[in-house]
Ligand SMILES: Cc1cc2nc3c(=O)[nH]c(=O)nc-3n(C[C@H](O)[C@H](O)[C@H](O)COP(=O)(O)O)c2cc1C
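Numbering (my numbering), first residue to last: 310 to 499.
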């Protein structure tokens, strides 16, 4: 079982990074083969709406997304982890997600089978403030992203009031919840 973790924060060793590592640790302990992608380190152009993908499901832009598409399609589970930036996902993640219009085209325009029957996904979000709607925009985006790539949104971990770099380390219950989220992704009862 392969699990792909998309680390959406530019801050290495920050809250998102720590939480995703915990989730991947939980999944690995359950036997999953895990891979973490630090999205900020990739060279990914935003979608330019060339719409080459409508012809054959492939983006005409050549950059690091070339390696990400097969990983997204080939994994059994996906975790999207992001800090909340202006009530949304980080722009690093949003650029990657927008480029998945090519996979959306495969599914909805070209009616290709993405082998999506049992693929499961989860979202980890962390923000500094405590508003009720803090995660609403990001959840909608992640849900729609998962739908486009043939993954079912099954779980989320949403943490409010966490701001400084590494502050989440002072919240052992959050770290445990992240570990549990990772291990549950591969359990039938999860
Ligand atoms: C550009 C930017 C925008 C942010 N916008 C929000 C926001 O809308 N709401 C919020 O609660 N926190 C916001 N924050 C705070 C981060 O979500 C918070 O510091 C988070 O813990 C960072 O996680 P990281 O360490 O994984 O990068 C913002 C931070 C930055 C740098």
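Heads up, the beta-carbon is just placed ideally off N, CA and C, and yes, glycines get one too.
Own chain partners of residue 347 with C-beta closer than 6 Å, once the 5 adjacent residues on each side are dropped
Taken in chain order, the residues that qualify are 316.
query = Bridge partners of residue 431, per DSSP?
reply = Note: residue 431 sits in a beta bridge opposite 388, 464.
Quiz prompt | Other residues of its chain near residue 500: CB distance less than 6 Å, five sequence neighbours each side excluded | solution = In the structure as shown, the chain begins at 310 and stops at 499. Residue 500 is therefore absent and cannot be evaluated.
Along the alpha helix (DSSP H) that carries residue 489, what are the first and last residues, could you check?
-> Per DSSP, residue 489 belongs to the alpha helix (DSSP H) from 481-493.
Q. Of all the options 321, 369, 479, 432, which has the alpha carbon lying nearest to the alpha carbon of residue 386?
A. Closest by alpha carbon: 432.
Practice prompt. Identify whether residue 419 lies in helix, strand or coil by the three-state DSSP scheme.
Written response: Note: residue 419 maps to coil in three-state DSSP.
(request) Compute the distance between the beta-carbons of residue 406 and residue 374, then report whether it is under 7 Å. (result) If you check the CB distance, residue 406 and residue 374 do not come in under 7 Å.
### Task
Say yes only if the C-beta of residue 417 is nearer than 6 Å to one or more non-hydrogen atoms of ligand 1, and no if none qualify.
Not under cutoff, so the answer is no.
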